[in-house]
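Student: Below is the structure I would like to discuss, written out as structure tokens.
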Amino acid sequence: RSHAKEILHCLKEKYFKELQDLEVDGQKVEMPQSLSWYPEELAWHTNLSRKILRKSPQLEKFHQFLVSETECGNISRQEAVSMIPPLLLNVNPHHKILDMCAAPGSKTAQLIEMLHADMNVPFPKGFVIANDVDNKRCYLLVHQAKRLNSPCIMVVNHDASSIPNLQIEVDGRKEVLFYDRILCDVPCSGDGTMRKNIDVWKKWTTQNSLQLHGLQLRIATRGVEQLAEGGRMVYSTCSLNPIENEAVIASLLEKSQGALELADVSSELPGLKRMPGITKWKVMLKDGQWFEEWKDVPSNRQTQIRPTMFPVKDEEKLRAMNLERCLRILPHHQNTGGFFVAVLIKKSPMPWNKRQPKVHQKLPQRTGDTEVTAANSDNCSECITEEPTLAENEESKKMQELQNSDTEQSKKEGVCGPPPSKKMKLFGFKEDPFVFLPEDDPLFLPIQKFYALDPSFPKTNLLTRTQEGKKRQLYMVSKELRNVLLNNSEKMKVINTGIKVWSRNSDGEQFGCAFRLAQEGIYTLYPFIHARIINVCIEDVKILLTQENPFLSKFSSETQKKVKDMAMGSIVLKYDPDPEKPDDLQCPIVLCGWQGKTSLRAFVPKNERLHYLRMMGVEVFKAKRKEEESESKTEEEVQHRLAQTEEGMDVEDKEHDLVTKMEAEIGEESPHSPVESSAMEVENKIEDLDQSSKNANSPVSQGSKDTDASNVKD
1 RSHAKEILHC LKEKYFKELQ DLEVDGQKVE MPQSLSWYPE ELAWHTNLSR
51 KILRKSPQLE KFHQFLVSET ECGNISRQEA VSMIPPLLLN VNPHHKILDM
101 CAAPGSKTAQ LIEMLHADMN VPFPKGFVIA NDVDNKRCYL LVHQAKRLNS
151 PCIMVVNHDA SSIPNLQIEV DGRKEVLFYD RILCDVPCSG DGTMRKNIDV
201 WKKWTTQNSL QLHGLQLRIA TRGVEQLAEG GRMVYSTCSL NPIENEAVIA
251 SLLEKSQGAL ELADVSSELP GLKRMPGITK WKVMLKDGQW FEEWKDVPSN
301 RQTQIRPTMF PVKDEEKLRA MNLERCLRIL PHHQNTGGFF VAVLIKKSPM
351 PWNKRQPKVH QKLPQRTGDT EVTAANSDNC SECITEEPTL AENEESKKMQ
401 ELQNSDTEQS KKEGVCGPPP SKKMKLFGFK EDPFVFLPED DPLFLPIQKF
451 YALDPSFPKT NLLTRTQEGK KRQLYMVSKE LRNVLLNNSE KMKVINTGIK
501 VWSRNSDGEQ FGCAFRLAQE GIYTLYPFIH ARIINVCIED VKILLTQENP
551 FLSKFSSETQ KKVKDMAMGS IVLKYDPDPE KPDDLQCPIV LCGWQGKTSL
601 RAFVPKNERL HYLRMMGVEV FKAKRKEEES ESKTEEEVQH RLAQTEEGMD
651 VEDKEHDLVT KMEAEIGEES PHSPVESSAM EVENKIEDLD QSSKNANSPV
701 SQGSKDTDAS NVKD
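First residue of the sequence shown? That's 1 in UniProt numbering, and the numbers climb one at a time after it.
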């Protein structure tokens with residue numbers, strides 16, 4: 001959050017000022033405006049089209065800033081109205097949140113941000129489970145979520161309308177997991193996007209809504225079943241059709257028999273122009289036939305049109321529903337897309353779930369720290385306090401039968417593997433298991449000693465993605481997500497969870513620890529580390545981020561003294577702002593580094609380096625010149641040369657394209673990843689190499705050096 005404020009300052013004081021009085025293709029550039037209804041000026045709107053932003057040389061600097069900061073996870077590009085549902089959820093850091101239809105992940109990113117409202121708490125008690133039915137889109141979701149480096153996010157792959165009841169262990173007994181907040185942003189016809197989506201005009205038909213209504217109602221119903229009493233669920237679509245909106249909400253309210261109510265959010269998000277929900281509408285077929293009531297629908301059309309699509313006729317019932325509390329955002333009111341939002345509060349269990357809960361079965365005492373067995377899952381039906389739907393009863397019967405024939409492998413301690421393929425018809429990649437480190441794992445002792453980890457460090461929350469062989473990466477999840485993982489491995493397809501905190505380093509063992517710190521997880525780990533921390537001044541930070549492998553003699557005398565008595569190996573470099581120097585960077589920075597015999601270097605991905613340098617006022621922009629547009633080959637040579645001069649250390653992984661990313665998420669990451677080099681160093685070396693290649697008249701491969709084109713896509 002402190003970094004967000006610095007970026008905002010940077011935007012206002014530097015980039016927006018440079019856009020003033022700027023003309024592109026004879027037109028004056030409109031200044032970006034903050035969204036009045038979004039808290040703390042953290043959302044801004046620009047009228048610049050994507051084409052102008054990418055192609056105009058005058059806007060290149062601003063474009064590079066946006067691309068680079070997006071890669072780091074500091075900026076997200078998103079439709080303005082789609083930012084509304086997470087804000088209306090009123091998330092607190094202790095909330096258990098389910099995002100039912102989460103891909104591509106912009107709203108999920110907002111939810112993660114809200115969980116980490118207090119940056120002094122490395123592990124908030126809450127978590128986000130982000131679900132999507134599309135396996136490929138789940139990886140897009142992983143990429144979005146990973147930019148935020150949170151140990152409190154889990155991505156799962158299920159049909160939202162039948163997402164299974166999960167269980168957690170509370171005081172030695174299993175209980176059904178009910179969520180405090182649920183985001184239900186359902187698939188829709190998308191007719192609210194008519195301003196930006198040309199296809200809507202060509203393909204729109206009333207049939208779209210009629211086909212989606214049933215699915216939307218099933219997803220929303222499944223959502224409220226899993227909502228805790230007193231919890232809040234936000235239902236949203238980017239459609240303006242009442243069949244997809246008010247009809248779904250009215251049907252849900254009617255069958256809830258008073259268990260749900262629409263929340264009045266008229267006082268929330270002041271400044272947002274909105275219209276009330278509507279109470280009267282008609283239903284139309286593709287051929288133009290209109291129907292006002294269900295009884296008018298001919299029998300041959302009753303499969304296309306359902307009774308839940310019509311408005312409630314009973315005036316008293318309709319008044320009690322308060323449908324006008326729904327929000328309708330119209331495109332012309334504030335230059336946005338069209339959107340519908342309804343906020344539901346659950347006051348009591350759903351009527352079809354009301355039954356006396358069975359007696360909770362006490363779990364057997366565990367001998368080891370982590371134990372995931374099929375037998376534990378068999379207790380599932382004994383502990384559910386709300387009766388599952390009919391479809392889920394069928395599913396649980398099948399699950400019970402299949403669990404009895406489980407293999408011994410799934411009974412290994414601490415292994416949260418994917419369910420065998422025959423249990424669910426799931427397509428896509430076969431995920432590696434999530435294996436928690438046992439409490440007495442010998443792997444952890446040298447790590448604990450080397451970094452002097454605090455006794456409170458939750459080592460049982462460490463996991464790997466390999467059951468056999470060398471563990472190359474160690475990931476970390478929060479205690480609450482560990483609980484979810486361990487108790488639901490048989491019924492849940494987990495795509496990804498946890499942040500990388502340590503990576504195996506081939507040279508590390510000779511220095512006392514085989515694992516080096518990973519930049520992704522350093523802000524989570526830092527509060528627990530008591531050794532190998534070097535406090536650096538702002539000038540030292542600039543040297544670390546602009547030079548590839550600087551000699552110790554280049555650093556301040558204080559830094560040199562601290563390093564002198566420290567053994568070689570992985571280190572933490574910490575910068576604390578000085579309030580007496582308001583012109584200096586005013587947010588703390590924690591970097592992973594490596595101390596060699598005569599040098600000190602930072603292990604930070606390129607875009608993150610650029611982010612810190614920008615905030616310190618260092619100019620990192622490098623204009624593209626036509627003659628430089630054919631240097632991709634030269635850049636490869638630089639990378640190769642840098643990798644050779646490296647002291648045998650593996651460094652932060654670079655982003656690949658989507659397919660590569662998918663493969664990387666499935667298997668273990670390569671121990672020999674390319675070196676992350678500072679922007680300036682690479683640029684200088686490229687120029688030197690380019691000059692020498694020109695002198696030697698050597699041919700250069702044609703390719704673009706445009707970093708945003710290669711870096712922003714994953």
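Backbone N, C-alpha and C fix where the C-beta goes; we use that ideal spot for every residue, glycine too. Fair warning: this is a prediction, and the values are worked out from it, not measured in the lab.
1) Taking only runs of the beta strand (DSSP E) that begin and end inside the segment 82 to 131, which ones reach a length of at least 3 residues, in chain order?
2) What residue range does the beta strand (DSSP E) around Met194 cover?
3) Out of curiosity, what's the CA-to-CA distance linking Met568 and Arg532?
4) On the criterion of 16 or more Cβ atoms from any shown chain inside 10 Å, does Lys273 qualify as buried, or is it exposed?
5) Within the same chain, show all residues whose beta-carbon is closer than 7 Å to that of Pro85, passing over the 5 residues directly before and after it, in chain order.
6) Mind listing, in chain order, the continuous alpha helix (DSSP H) runs of no fewer than 4 residues lying wholly within the segment 476 to 532?
7) Measure the beta-carbon distance from Pro577 to Asp583 and round it to whole angstroms, keeping in mind my assumption that it falls under 8 Å.
8) Considering just the uninterrupted stretch of the beta strand (DSSP E) at Glu175, what are its terminal residues?
9) Tell me whether Gly73 is buried or exposed, calling it buried when 16 or more other Cβ atoms sit within 10 Å of its Cβ.
10) For the segment 139 to 150 and the segment 206 to 220, state whether three or more C-beta atom pairs, one from each stretch, are separated by less than 8 Å.
11) Starting from Cys10 and walking both ways along the alpha helix (DSSP H), at which residues does that stretch end?
12) Using DSSP bridges, identify the partner residues of Gly593.
13) Count the other CB atoms, across all protein chains shown, that sit within 10 Å of the CB of Gly119; report buried if there are 16 or more and exposed otherwise.
14) Find the nearest neighbour of Gly231 within the set Ile278, Gln216, Leu177, judged by alpha-carbon distance.
15) Need the endpoints of the alpha helix (DSSP H) that Asp222 sits in, please.
16) Within 10 angstroms of the Cβ of Leu445, are there 16 or more other Cβ atoms? Answer buried if so, exposed if not.
17) Taking its Cβ as the centre, do 16 or more other Cβ atoms sit within 10 Å of Arg1, making it buried, or is it exposed?
18) Would you mind reading off the limits of the alpha helix (DSSP H) that contains Gln144?
19) Once DSSP output is grouped into helix, strand and coil, what is the label at Ala374?
20) Cα separation between Glu229 and Gly258?
21) If you follow the alpha helix (DSSP H) that Arg54 is part of, which residue opens it and which one closes it?
22) Pop quiz: Leu573 and Ile534 are said to be a contact at Cβ under 8 Å. What is the actual Cβ separation, rounded to whole angstroms?
23) My guess is that Ile499 and Glu520 are in contact by the Cβ rule of under 8 Å, so how many angstroms apart are they, rounded?
24) In terms of DSSP beta bridges, what is Arg232 paired with?
25) Taking the alpha helix (DSSP H) that Glu30 belongs to, which residues open and close that run?
26) Compute the Euclidean distance between the alpha carbons of Lys654 and Gln58, then round it to the nearest angstrom.
27) Put His611 into one of helix, strand or coil per three-state DSSP.
28) Assign Phe65 to one of three DSSP states: helix, strand, or coil.
29) For residue 773, count neighbouring C-beta atoms within 10 Å of its own C-beta (all shown protein chains included) and say buried if the count is 16 or more, exposed if not.
30) How is the alpha helix (DSSP H) around Gln167 delimited, first residue to last?
31) Drop a sphere of 10 angstroms on the beta-carbon of His333, count the other beta-carbons inside from all chains shown, and report buried for 16 or more, exposed for fewer.
32) If you count every other CB in all the chains shown that lies within 10 Å of the CB of Asn335, and 16 or more means buried, which is it?
33) Starting from the C-beta of Phe551, find all residues in its chain whose C-beta is less than 7 Å away, skip the five residues before and the five after it, and write them out in chain order.
34) What is the rounded straight-line gap between the Cα of Ile543 and the Cα of Met615?
35) Contact defined as beta carbons within less than 8 Å: I believe Thr461 pairs with Ser478. What is the distance between those atoms, to the nearest angstrom?
36) For Glu268, I'd like the list of residues in its chain whose CB is within less than 7 Å of its CB, leaving aside the five on either flank, ordered along the chain.
Tutor: Taking the coordinates as given:
1) 96 to 99, 127 to 131
2) Run containing Met194: none; DSSP gives neither H nor E here.
3) 10 Å
4) exposed
5) Taken in chain order, the residues that qualify are Lys107, Leu183, Asp185, Val234, Ser236, Val341.
6) Annotation: the segment 476 to 532 contains the following complete segments of the alpha helix (DSSP H) (minimum length 4 residues), in chain order: 479 to 487, 522 to 525.
7) That belief does not hold up - the Cβ atoms of Pro577 and Asp583 are roughly 11 Å apart, past 8 Å.
8) DSSP places Glu175 inside the beta strand (DSSP E), whose first and last residues are 173 to 176.
9) buried
10) no
11) 2 to 10
12) Gly593 pairs with Ile571, Ala602.
13) A quick correction: the sequence has Met, not Gly, at residue 119. Label assigned to Met119: exposed.
14) Nearest C-alpha to Gly231: Leu177.
15) The sequence shown places Arg at residue 222, rather than the Asp named in the question. DSSP places Arg222 in the uninterrupted alpha helix (DSSP H) bounded by 206 to 225.
16) Leu445 comes out exposed.
17) exposed
18) DSSP places Gln144 in the uninterrupted alpha helix (DSSP H) bounded by 135 to 146.
19) Only weak support exists for where Ala374 lies, its pLDDT of 32 falling under 50; the value from the coordinates is given anyway. Here Ala374 sits in helix by DSSP.
20) So the two alpha carbons sit approximately 13 Å from each other.
21) 50 to 55
22) 6 Å
23) 5 Å
24) Arg181, Ile345
25) Following the DSSP letters along the chain, one finds Glu30 in no alpha helix (DSSP H), marked with neither H nor E.
26) With a pLDDT of 35 at Lys654, under the threshold of 50, the modelled position of that residue is not reliable, and no figure is offered here.
27) Three-state DSSP puts His611 in a helix.
28) In the three-state scheme derived from DSSP, where H, G and I count as helix and E and B as strand, Phe65 is classed as helix.
29) This structure does not reach residue 773, given that the chain is present from 1 up to 714, and the question cannot be answered.
30) Under the DSSP assignment, Gln167 falls outside any alpha helix (DSSP H), being part of the beta strand (DSSP E) whose first and last residues are 167 to 170.
31) exposed
32) exposed
33) Thr598, Ser599
34) 15 Å
35) Here residue 461 is Asn; the residue named in the question, Thr, does not match the sequence. Here Asn461 really is in contact with Ser478; their C-beta atoms are around 7 Å apart, less than 8 Å.
36) Leu88
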